[in-house]
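Going by this note's numbering, the first residue of the sequence shown is number 16, and it counts up by one from there.
Reading through the structure tokens given below for one structure.
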Amino acid sequence: MSTVEAWQENDVWSLGAFLGDFLLIMLPLDILGGFVLPNRYQRQSATFAHFFGQWLIGVMLQSFLFMSTGLIILAIGRLLGLGGVLTLIATLCFAYISMQGRLVRLTIDGTQYRPARQLVMLKRRLQQFRAVNRPIEVLSHSDPGFTGGVVGLPGRENIIIPRIWFNHLSTEQLATVVTRRLIAIESNSRNKGLLLALLWILTGFTFSTLLPGAGVKSVAQLVTTCAGFTLWTFFGLLVLPSVSRLASYSIDSKLIERGVSRQLLESTLTALDRLQDNEPDRSKLVETIFHPVPSVANRCELSIGHSSGAWHAARMVLFLSWSCLGLLSRAVHCNVGRPELWIMLPTD
């Protein structure tokens with residue numbers, strides 16, 4: 016690993032070797048999480064060729080972006096130091112927020128779907144829930160783990176929902192899900208989640224450069240910084256879900272205040288859970304540490320008036336960590352081996 020703090024051709028090969036080693040380490044886990052287990056438990060029935068094609072697209076996309084980012088970090092680090100690199104990372108985070116929808120369309124096996132009649136009915140129902148209108152995009156996708164979400168910079172948000180939901184959810188249930196996401200936007204809970212994710216990344220990267228042998232001026236320093244940042248990201252997976260869950264409870268409360276019945280909310284949550292983990296209840300300990308989305312049982316016991324929290328903060332940290340070569344962005348239990356979920360992790 017190159018320790019020279021000046022540009023040399025070996026930088027490209029050293030950084031490429033680091034990313035290649037990571038790819039090889041993740042390969043068996045990607046096959047297990049993206050193909051073997053989903054087919055074993057009948058959550059999907061994709062062929063290996065189909066899985067591998069999608070995986071290859073995702074790996075090529077992320078590897079290209081990581082390689083480019085790494086080289087730019089080295090160039091700016093040598094020229095402007097840590098301050099310049101932090102400015103670059105913040106800029107890239109905003110770019111990724113803006114491009115999230117476009118990036119996910121590059122990795123999925125489907126296309127945009129326009130169910131005109133269903134969308135008209137859905138928007139009528141949204142008006143009854145007093146939801147502010149935002150563009151809604153429906154994407155075809157074979158992986159039931161894909162939940163879509165909210166994409167775009169603040170003030171220019173789009174709602175993405177998967178086509179499969181039109182087969183499993185009623186119009187009222189779909190309107191409930193979309194209204195929740197609109198409330199996340201209107202209440203600034205999503206903006207708080209984005210801000211918290213950005214601050215977490217910048218703070219963690221700064222601390223990581225203080226480790227022995229770390230920095231931003233050589234490949235060896237950058238790799239050490241990435242190792243430290245990986246530990247920081249894992250720490251975030253332990254503490255940030257609590258903030259994300261508070262946001263989920265708060266949005267559910269606001270949903271009920273808008274006239275959505277508890278029965279409709281519960282039926283919607285149950286239907287979505289069956290498409291996801293099919294884990295309607297879980298222990299407090301497991302949920303506290305690893306799950307930013309509360310279980311159906313806990314959400315059905317909610318009381319009005321929860322504090323706002325920061326919606327989807329824990330998992331936005333993973334996606335936005337692409338801005339500084341975040342290795343855990345594709346190595347958590349809910350997205351390993353599933354490239355579209357490296358970009359849009361499951362949300363409520």
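Each residue gets a CB set at the ideal place from its N, CA and C atoms; glycine is no exception.
- Message: Using the Cβ count rule (16 or more neighbours within 10 Å means buried), how would you classify Met75?
- Response: Looking up residue 75 in the sequence shown gives position 60. So Met75 counts as exposed.
- Item | Residue(s) in a DSSP beta bridge with Glu272 | For this step, residue 272 is matched to residue 257 along the sequence shown. Glu272 is not bridged to any residue.
- Which of helix, strand or coil does DSSP assign to Val153? Along the sequence shown, read from residue 1 onward, the residue named residue 153 stands at position 138. Note: Val153 maps to strand in three-state DSSP.
- Item | Alpha-carbon spacing of Ser276 relative to Leu246, whole angstroms | Locating residue 276 in the sequence shown gives position 261, counting from the first residue. Locating residue 246 in the sequence shown gives position 231, counting from the first residue. Approximately 42 Å between the Cα atoms of the pair.
- Query: Using a threshold of 7 Å, is the CB atom of Thr248 nearer than that to any non-hydrogen atom of the ligand ATP?
  - Reply: The ligand ATP is not part of the structure shown, which contains no ligands of any sort.
- Message: Let me make sure I understand the geometry here. Which of Arg345, Met359 and Leu300 has the alpha-carbon closest to that of Met41?
- Response: As a first step, residue 41 is located in the sequence shown; it is residue number 26 there, counting from the start. With distances taken between Cα atoms, Met41 lies closest to Arg345.
- Message: Among Gly352, Ala312, Leu287 and Thr221, whose alpha-carbon lies nearest the alpha-carbon of Thr362?
- Response: Here residue 362 corresponds to residue number 347 of the sequence shown, with the count starting at 1. Out of Gly352, Ala312, Leu287 and Thr221, Leu287 has the C-alpha closest to the C-alpha of Thr362.
- Query: Fully enclosed by the stretch 239-300, which alpha helix (DSSP H) runs are 4 residues long or longer?
  - Reply: 277-290
- Query: If you draw a straight line from the C-alpha of Ile104 to the C-alpha of Gln278, how long is it?
  - Reply: Here residue 104 refers to the residue found at position 89 when the sequence shown is read from its first residue. Here residue 278 refers to the residue found at position 263 when the sequence shown is read from its first residue. Going by the C-alpha atoms only, they are around 44 Å apart.
- Message: Which same chain residues end up closer than 6 Å to Leu255 when comparing Cβ atoms and leaving out the 5 residues on each side of it in sequence?
- Response: Against the sequence shown, residue 255 aligns to sequence position 240. These residues qualify, in order along the chain: Ala328 and Ala329.
- Query: Can you tell me whether Thr240 is buried or exposed, with buried defined as 16 or more other CB within 10 angstroms of its CB?
  - Reply: To locate residue 240, count along the sequence shown from 1; it is residue 225. Under this definition Thr240 is a buried residue.
- Task: Give the DSSP-derived three-state secondary structure of Pro307 in the structure shown.
- Result: Your numbering for residue 307 matches position 292 in the sequence shown. Residue state, collapsed to three classes: coil.
- Message: Looking only at its chain, what residues have a beta carbon closer than 7 Å to the beta carbon of Ala212, apart from the 5 residues adjacent to it on each side?
- Response: Mapped onto the sequence shown, residue 212 falls at position 197. Result list for Ala212: Ala328, Met331, Val332 and Leu335, in chain order.
- Identify the continuous alpha helix (DSSP H) that holds Asn25 and give its terminal residues. The sequence position of residue 25 within the sequence shown is 10, counting from 1. Taken as a continuous stretch (DSSP letters only), the alpha helix (DSSP H) holding Asn25 covers Asn25 to Ile46.
- Query: Nearest to Ala229 by CA position, among Thr218, Ala61 and Phe244, is which residue?
  - Reply: In the sequence shown, counting from the first residue as 1, residue 229 sits at position 214. The residue with the shortest Cα to Cα distance from Ala229 is Phe244.
- For the beta strand (DSSP E) holding Asn173, just list the boundary residues, first then last. The sequence position of residue 173 within the sequence shown is 158, counting from 1. That run of the beta strand (DSSP E) goes Asn173 to Pro177.
- Residue environment, Thr218, which counts as buried when at least 16 other CB atoms sit within 10 Å: The residue you call residue 218 lines up with position 203 of the sequence shown. It counts as exposed.
- Inter-stretch contact (C-beta, 8 Å, three-pair minimum) for the stretch 189-203 and the stretch 168-180: yes
- Item | Span of the beta strand (DSSP E) around Val165 | Locating residue 165 in the sequence shown gives position 150, counting from the first residue. Residues Gly164 to Val166.
- Taking the C-alpha atoms as reference points, what is the distance between Val100 and Arg145? On the sequence shown, residue 100 is found 85 positions in, with the first residue counted as 1. On the sequence shown, residue 145 is found 130 positions in, with the first residue counted as 1. When rounded, the distance between both Cα atoms is 43 Å.
- Terminal residues of the continuous alpha helix (DSSP H) containing Met359? Position 344 of the sequence shown holds residue 359. No alpha helix (DSSP H) holds Met359; DSSP gives it neither H nor E.
- Task: Taking only the alpha-carbon atoms, compute the straight-line gap between Ala61 and Gln291 and give it to the nearest angstrom.
- Result: Numbered from its first residue, the sequence shown carries residue 61 at position 46. Numbered from its first residue, the sequence shown carries residue 291 at position 276. Whole-angstrom Cα-Cα distance: 17 Å.
- Item | Residue span of the alpha helix (DSSP H) that contains His183, given as start and end | Looking up residue 183 in the sequence shown gives position 168. Trp180 to His183 is the extent of the alpha helix (DSSP H) around His183.
- Task: Hey, could you find the ends of the alpha helix (DSSP H) His65 is sitting in?
- Result: Translated into positions along the sequence shown, residue 65 becomes position 50. Residues Phe63 to Thr122.
- Item | Sequence-distant residues of the same chain with beta carbon closer than 6 Å to Gly324, five excluded per side | As a working note, residue 324 is residue 309 in the sequence shown. Excluding sequence neighbours, Gly324 sits near Val258, Leu261, Ala262 and Ser265.
- Of the residues Phe79, Leu89 and Ser78, the one placed nearest Thr224, counting alpha carbons only: For the purposes of this step, residue 224 is taken as the residue at position 209 of the sequence shown. Measuring from the Cα of Thr224, the nearest candidate turns out to be Leu89.
- Query: At what residues does the alpha helix (DSSP H) containing Ala199 begin and finish?
  - Reply: The count along the sequence shown starts at 1 and reaches residue 199 at position 184. Looking at the DSSP string, the run of the alpha helix (DSSP H) that includes Ala199 is Thr186 to Glu201.
- Are Gly352 and Trp28 close, meaning C-beta to C-beta below 8 Å? If you number the sequence shown from 1, residue 352 lands on position 337. If you number the sequence shown from 1, residue 28 lands on position 13. In this structure, Trp28 does not lie closer than 8 Å to Gly352 by Cβ.
- Give the DSSP-derived three-state secondary structure of Pro354 in the structure shown. On the sequence shown, residue 354 is found 339 positions in, with the first residue counted as 1. Note: Pro354 maps to helix in three-state DSSP.
- Message: Within a Cβ cutoff of 6 Å, which residues of the same chain sit near Gly48, ignoring the five residues on either side of it in sequence?
- Response: On the sequence shown, position 33 is the one that residue 48 refers to. Excluding positions up to five away in sequence, the list reads Val351 and Gly352.
- Query: Does the distance from the CB of Glu355 to the CB of Val51 come in under 8 Å?
  - Reply: Here residue 355 refers to the residue found at position 340 when the sequence shown is read from its first residue. Here residue 51 refers to the residue found at position 36 when the sequence shown is read from its first residue. No, they are not a contact pair.
- When DSSP labels each residue in this structure, what does Glu316 get in the three-state scheme? As a first step, residue 316 must be located in the sequence shown, where it is residue number 301. Of the three classes helix, strand and coil, the one that applies to Glu316 here is coil, per DSSP.
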